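Undergrad: To start, I am sharing the structure in question, which I have written as structure tokens.
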Amino acid sequence: MAQKITVSIIIPVYNESKYIIRCLDSVKRQTFPAENTELLIIDGNSTDDTVSKIRNYTGIDNLRILINEKRLVTYALNIGIDNARGEYVIRMDAHAEYADDYVEKCVYYLEHTDADNVGGTAETRGISFAGQANAELLSSKFGVGNSDFRTGGKSGYVDTVPFGAFRRTVFSKIGYFDPELPRSEDNDYNSRIRAAGGKVYLASDIHFTYYCRDTAGGLLDQGIKNGNALFLTLRKNPRAMSLRHYIPFLFVLSHIVMPVLCAFFHPAVWLYAAEWIAYLLLDAIFSLSRGSLKRSLYKFVMYPLFHISYGIGSLIGMFGIKLY
């Protein structure tokens, strides 16, 4: 007799050859019963050997590959949800690997809390020198603000979590992911859960490792595209983004407004100088607080570049111009 599928894992992929085997290995190691789990991988027509690696992978039963013609992650998630048979739908990312008890603990908290979505904490990791420094930047409060899941927050009900483990019923009640918001889908969906009276739970003992961009250019590209989604998301769902998402935009805007203000009101020079002194002081403190001297020097340069790239992306997005 066929076993009941309790958990559907959905993983969107596009050209993930570098990471997919590491991700699949962590799925195979899960302590939750494999016979009660299905894995749906939704491929956006990858042009590398991602799909062939998945097809040749052994040791995971109930694995299906679905095609996402639109390529965007929100379309992939909705395809996965449509095809999921499990009582719980757990989204995973191919750029990550998961603790052996990841699925087991996600199910535990869904069954022992009243949350509609459960998530865990991320250890951000890089492979190259730049990747390791990028990981330190993305794990600091100066880099990403008060993002609990990135900076090791405590267990409890929160605004948002990454990826997420959902009750299947939430999609009938709230709907699917908004296909027009492929860069801020987690924030949008979790805010919709909360607006409908649902809850989002962060469990500090649920762990995964996320592999960040491994080059300076990759990090800045991520920053400008994520920032570019800010005002599109604001127009679609004003509740989705928190104050920390607007700070890089305000930082960039200040460097447009303040020089003009200084030209007409000379005392403003002191305010502008104070802004830069405070920023560079924080930059130095957070750059030197972790890692080697070489990585600290890299971060000292990359913190402002990352914040400025995010802010410029937001500024461009304010005028309705998409960069992704």
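All letters in the sequence shown, in the order written, are residues 683 to 1006 by this note's numbering.
Ideal Cβ placement from N, Cα and C applies to all residues, glycine included.
Computed from a predicted model, the values in this text were never measured in an experiment.
#1: Look at Asn910 and Tyr757 and say whether their C-beta atoms are less than 8 Å apart.
#2: Hey, out of Ala716, Gly808, Ile772 and Ala797, whose CA is closest to Thr840's CA?
#3: Along the chain, where does the beta strand (DSSP E) containing Arg849 start, and where does it finish?
#4: For Gly801, is the classification buried or exposed, using 16 other Cβ atoms within 10 angstroms of its Cβ as the cut-off for buried?
#5: Can at least three beta-carbon pairs, one atom from the segment 880 to 893 and one from the segment 836 to 855, be found at a separation below 8 Å?
#6: For the candidate residues Ile749, Phe1001, Ile724 and Gln685, whose alpha-carbon lies nearest to that of Ala776?
#7: Exposed or buried, which one is Lys686 when buried takes at least 16 other CB atoms within 10 Å?
#8: Give the DSSP-derived three-state secondary structure of Asn869 in the structure shown.
#9: Less than 8 Å between the C-beta atoms of Asp965 and Phe946, yes or no?
#10: Can you check DSSP and say which residues form a bridge with Asp725?
#11: So, is Lys787 buried or exposed, given that buried needs 16 or more other C-beta atoms within 10 angstroms?
#12: Whose C-beta lies closer than 6 Å to the C-beta of Glu698 among residues of the same chain, with five residues either side of it excluded?
#13: For the beta strand (DSSP E) containing Lys771, list its first residue and its last residue.
#14: By the DSSP assignment, the alpha helix (DSSP H) with Ser821 in it spans what residues?
#15: Does the contact criterion of 3 or more C-beta pairs under 8 Å hold for the segment 918 to 930 versus the segment 819 to 830?
#16: Could you have a look at Arg874 and say whether DSSP puts it in helix, strand or coil?
#17: Is it the case that the Cβ atoms of Asn1008 and Leu759 are separated by a distance below 8 Å?
#18: Can Arg810 and Gly905 be called in contact, C-beta distance under 8 Å?
#19: Please name the residue or residues paired with Asn799 in a DSSP beta bridge.
#20: Measure from the alpha carbon of Lys855 to the alpha carbon of each residue in Thr842, Tyr871, Arg865 and Ser866, then state which is nearest.
#21: Between the Cα of Leu748 and those of Gly762, Lys1004 and Asp868, spot the shortest distance and give me the residue it belongs to.
#22: Taking just the CA atoms, how far does Ala766 sit from Tyr980?
#23: On the DSSP bridge list, what partners appear for Val689?
#24: Can you tell me the Cα-Cα spacing of Val942 and Ser822, whole angstroms?
#25: Could you name the residues that DSSP lists as bridge partners for Phe1001?
#26: List the whole-angstrom C-beta distance separating Ser996 from Tyr985, where the pair is believed to meet the contact cut-off of C-beta under 8 Å.
#27: Between the Cα of Arg675 and the Cα atoms of Leu863, Trp952 and Leu884, which residue gives the shortest distance?
#28: How many Å lie between Ile929 and Met940 at the Cα?
#29: Can you give me the C-alpha to C-alpha distance between Gly838 and Asn750, rounded to a whole angstrom?
#30: What's the call for Ala804, buried or exposed, on a 16-neighbour Cβ count within 10 Å?
TA: Result, derived from the coordinates:
#1: no
#2: For the sequence presented, residue 840 should be read as Val rather than Thr. Nearest C-alpha to Val840: Ala797.
#3: Ala847 to Arg849
#4: buried
#5: yes
#6: Ile724
#7: The C-beta of Lys686 has fewer than 16 other C-beta atoms within 10 Å across all chains shown, which makes the residue exposed.
#8: Asn869 sits in a helix when the DSSP states are folded into three classes.
#9: no
#10: Val695 and Ile749
#11: buried
#12: Thr732 and Ala776
#13: In the sequence on display, residue 771 carries Val and not Lys. Looking at the DSSP string, the run of the beta strand (DSSP E) that includes Val771 is Tyr770 to Arg773.
#14: Counting along the chain, no alpha helix (DSSP H) covers Ser821, and no H or E run does either.
#15: yes
#16: helix
#17: Look at the range of the chain in this structure, 683 to 1006, and you will see that residue 1008 is not part of it.
#18: According to the sequence shown, residue 810 is Ser rather than Arg. Result no, Cβ atoms of Ser810 and Gly905 do not sit closer than 8 Å.
#19: Phe848 and Val882
#20: Tyr871
#21: Looking at the Cα atoms, Gly762 is the closest of the given residues.
#22: 44 Å
#23: Thr719 and Tyr770
#24: 32 Å
#25: Paired residue(s): none; Phe1001 is not in a bridge.
#26: Not confirmed; about 17 Å, so no contact.
#27: The structure shown has nothing for residue 675, since the chain only spans 683 to 1006.
#28: When rounded, the distance between both Cα atoms is 16 Å.
#29: Approximately 34 Å, taken between the alpha carbons.
#30: buried
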